Amino acid sequence: MATEALALSGIDSYYGDSHVLHEIGFTLQPGHLLGLLGRNGAGKTTCMNTIMGFLKPRNGAIALFGEPVAGLTPENIARKGICLVPQGRRMFRTLTVQENLMVAALPVKQGGRRGWSFERVFEIFPRLKERTAQVAGSLSGGEQQMLAIGRALMGNPRVLLMDEPSEGLAPQIVAEVGRTIAQLKAEGLSIVLVEQNIKLTLDLADDIVIINTGRVAFSGRADQIKIDDAIVAQHLGVF
Amino acid sequence: MQGQFWIIQTLNSVAFGGLLFMLSSGFSLIFGLMRIPNLAHGGFFMLGAYLGYSLLIRGVNFWVAALLGGLAVGLLGVVIERFIIHPSNRILLAIGSFLDAVIFRPLGLRAFSGAWRGMIARFRGLAGNEQGQVLMTLGVSFIVADVCLLIWTGDPMTLPAPPALRRPLFIGGYSFPTYRLVVLGVALVAAACLYLLMERTRLGAMIRAGVDDREMARGCGIPVSRLFTIVFLLGATLAGIGGVLGGPILNAYPGLDTDMLPLALIVVILGGAGSLLGAFVGSFVVGFLYNFGIALVPDLAYFVLFLPMVLVLMFLPQGLFGRVQL
Ligand SMILES: Nc1ncnc2c1ncn2[C@@H]1O[C@H](COP(=O)(O)OP(=O)(O)OP(=O)(O)O)[C@@H](O)[C@H]1O
Ligand SMILES: [Mg+2]
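Note that the protein sequences, when read in sequence, are chains A and B. Numbering follows numbering that gives the first Met the number 0, with no gaps: position 206 of the first sequence is 205. Numbering follows numbering that gives the first Met the number 0, with no gaps: position 241 of the second sequence is 240.
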């Protein structure tokens with residue numbers, strides 16, 4: 000039996016008393032890319048924060064390759080192999096590009112592939128290489144997004160979470176980010192991609208989960224959605 | 000005469016600035032990383048001065064006394080951080096198992112042992128409760144002050160400066176207080192070491208990452224709770240050494256803690272929490288304002304000191320080199 004790379008079941012998350020996620024469940028197969036869609040405020044970021052351990056779920060289970068991780072601290076979850084490219088990028092803005100990558104480096108996990116290094120990150124993002132000594136806060140939006148992705152890769156993730164990596168970027172940068180994601184997927188990395196950009200997501204994803212007001216409203220294969228526009232119209236409204 | 004006045008006041012200011020840096024660099028790093036002012040920091044400084052006094056009157060070499068006093072205060076800082084501010088379940092669990100093995104089980108108190116284990120498992124301490132943590136540091140500062148009063152009585156104690164440094168230096172017809180120059184030198188060396196630690200090592204970069212975005216740092220696998228302990232160790236040690244070094248200038252007396260703490264607060268508000276450069280510049284600015292304020296306009300000394308703080312708070316809430324919004 001193949002274990003799922005990431006499996007959520009019955010996740011309930013709260014901010015204080017406000018109940019944001021209601022029994023969220025989905026599974027990510029190894030080497031797949033799961034697109035997580037939903038309107039603004041649907042709970043996508045809350046879902047990422049819960050997986051990462053920033054927010055502890057009140058109920059439910061999260062398993063990374065069969066190993067339960069719900070309730071662990073974020074640093075332990077990262078060390079087990081879940082790394083996040085957060086919404087809004089959240090660089091360590093006073094650190095240089097090099098330092099941002101350095102502090103996030105974690106050892107290769109068992110069952111992980113070829114380890115990530117400065118060289119490999121600079122290989123896929125040559126623009127970062129020219130700016131190693133520059134402070135992250137002074138990078139352009141696109142460069143910050145590349146650095147956020149590079150930083151997450153330095154943790155040698157087994158599952159990569161990406162929260163709206165195309166947000167606020169110029170179209171040609173979005174395309175570049177899209178190519179990078181495709182490349183990571185081709186290397187066999189298991190990825191959860193949160194996006195507002197439906198076209199980008201449908202191009203990359205194997206599976207799609209749509210959440211609406213904190214509940215899973217649709218879950219299926221990406222090609223199903225490509226054929227049936229009604230699903231998009233129904234759950235995501237007109238974009 | 001006039002020249003001598005300026006020289007002395009300037010030297011007093013920079014020496015006091017150096018002491019303030021020893022006090023406030025750690026205070027600022029703790030503030031930046033943990034988001035709480037460690038109100039026991041003045042107590043750490045005072046305790047250092049008293050410990051230094053006790054070591055010195057027993058004939059211990061001055062520099063050894065400074066180091067030992069600093070380390071003792073540093074260890075106290077670690078204990079306070081680990082057991083009071085962020086009690087880790089692991090340590091409590093170890094204590095619990097120990098009690099269980101030597102008391103509850105031998106006495107056959109099976110039920111009690113179970114209840115105890117359950118209590119520890121549910122124990123959350125002050126995690127995430129920053130107001131509670133600040134109050135805790137305030138409580139610690141009261142305890143430190145009372146313990147000092149108990150041990151060293153209420154009389155001021157004068158720490159003797161190292162004999163070789165007691166005579167002033169005479170250069171070009173002016174006399175320079177040697178000891179203050181050396182204090183400044185020590186503070187500058189400490190600043191250089193801290194700079195190298197913070198800017199040139201992975202540990203330092205991790206601390207700065209935690210100051211920038213603590214949650215995201217944890218999400219990158221950075222063991223932030225270990226950094227808390229390290230920063231507390233560092234800050235308390237520096238404050239303790241500062242206390243011993245400051246002893247010959249300021250004396251050790253009850254109230255030294257509450258005299259110093261507001262100055263550290265001003266330094267951090269001026270310089271920005273979590274910024275080493277800010278603590279450095281802020282310390283010397285406050286050193287000058289404090290000394291010249293007292294020397295030139297004694298009635299307005301506190302006004303001179305607090306006015307820049309108010310202005311910075313109003314117009315630059317992150318401080319001159321700020322990292323963290325207070
Ligand atoms: N820190 C918080 N405290 C309280 N409520 C929050 C917090 N963060 C988000 N929420 C609420 O939780 C709900 C889900 O927010 P979330 O950020 O997960 O949405 P999202 O799907 O990521 O939206 P977007 O596409 O705009 O990023 C929203 O109603 C939001 O107002
Ligand atoms: Mg979001």
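Positions of the beta carbon are idealized from the N, C-alpha and C atoms, including for glycine. Note that the structure is predicted; figures quoted are calculated from it, not measured.
Check, Outcome
"Suppose only complete runs of 3+ residues qualify. What are the beta strand (DSSP E) ranges in the region 50-75 of chain B, listed by chain order?", "none"
"Is the beta carbon of VAL191/A less than 9 Å from the beta carbon of LEU35/A?", "yes"
"Count the CB pairs spanning the region 169-187 of chain B and the region 49-68 of chain A that are closer than 8 Å, and state whether there are at least three.", "no"
"Measuring straight from C-alpha to C-alpha, what distance separates CYS82/A and ASN37/B?", "32 Å"
"Would you report the Cα separation of ALA235/B and CYS147/B, rounded to the nearest angstrom?", "16 Å"
"In terms of residues, what are the limits of the beta strand (DSSP E) holding TYR14/A?", "5-14"
"Could you give the residue range of the beta strand (DSSP E) that holds PHE175/B?", "173-175"
"Between GLY17/B and chain A, is the shortest Cβ-Cβ distance under 9 Å, so that the two count as touching?", "no"
"Give a yes or no on whether the minimum CB-CB distance between LEU315/B and chain A is below 9 Å.", "no"
"Is there at least one Cβ from chain A nearer than 9 Å to VAL210/B's Cβ?", "yes"
"List the residues of chain B that GLU142/A touches, going by C-beta distances under 9 Å, in chain order.", "Those do not exist, as GLU142/A stays about 17 Å from chain B at its closest Cβ, beyond 9 Å."
"Nearer than 8 Å: is that true of the beta carbon of ILE163/A relative to any heavy atom of ligand 2?", "The sequence given here has Glu at residue 163/A, not Ile. Correct: GLU163/A has its Cβ closer than 8 Å to ligand 2."
"Can you tell me which of the three DSSP states GLU198/B falls into?", "helix"
"Within the region 126-176 of chain B, note down every full alpha helix (DSSP H) run reaching 4 residues or more, in order along the chain.", "129-151"
"Is THR200/B near ligand 2, going by C-beta to nearest heavy atom under 8 Å?", "no"
"Does ILE84/B get closer than 9 Å to chain A when you measure Cβ to Cβ?", "no"
"Against chain B, with Cβ distances strictly below 9 Å, would ARG157/A count as a contact?", "no"
"Taking Cβ-Cβ distances shorter than 9 Å, what residues in chain B pair up with GLU3/A?", "None at all; the shortest Cβ gap to chain B is about 22 Å."
"Can you tell which of ALA103/A, LEU94/A, LYS108/A, PRO106/A has the C-alpha that lies nearest to the C-alpha of ALA132/A?", "LEU94/A"
"What residues from chain B crowd round VAL134/A, counting only those whose CB sits closer than 7 Å?", "Near VAL134/A there are no residues of chain B at all, since even the closest Cβ is about 11 Å away, more than 7 Å."
"Which residue marks the beginning of the beta strand (DSSP E) containing CYS82/A, and which one marks its end?", "81-84"
"Checking contacts by CB at 9 Å: is GLY218/B closer than that to chain A?", "yes"
"Determine the DSSP secondary structure at GLU22/A, reduced to helix, strand or coil.", "strand"
"Rounding to the nearest angstrom, what Cα-Cα distance links HIS31/A and LEU203/A in this structure?", "10 Å"
"Assign PRO67/A to one of three DSSP states: helix, strand, or coil.", "strand"
"Quick one: is SER139/A buried, meaning 16 or more other Cβ sit within 10 Å of its Cβ, or exposed?", "exposed"
"Touching or not, the region 111-122 of chain B and the region 253-270 of chain B, by the rule of three or more beta carbon pairs under 8 Å?", "no"
"Within the 9 Å Cβ cut-off, does PHE25/A reach chain B?", "no"
"Since I believe ALA238/B is in contact with HIS40/B (beta carbons under 8 Å), could you give me their beta-carbon distance rounded to a whole number of angstroms?", "6 Å"
"Quick one: is LEU325/B near chain A, going by C-beta distance under 9 Å?", "In this prediction, LEU325/B scores a pLDDT of 44, lower than 50, which makes its location untrustworthy; the coordinate-derived value is nonetheless stated afterwards. No - not a single Cβ of chain A is within 9 Å of the one on LEU325/B."
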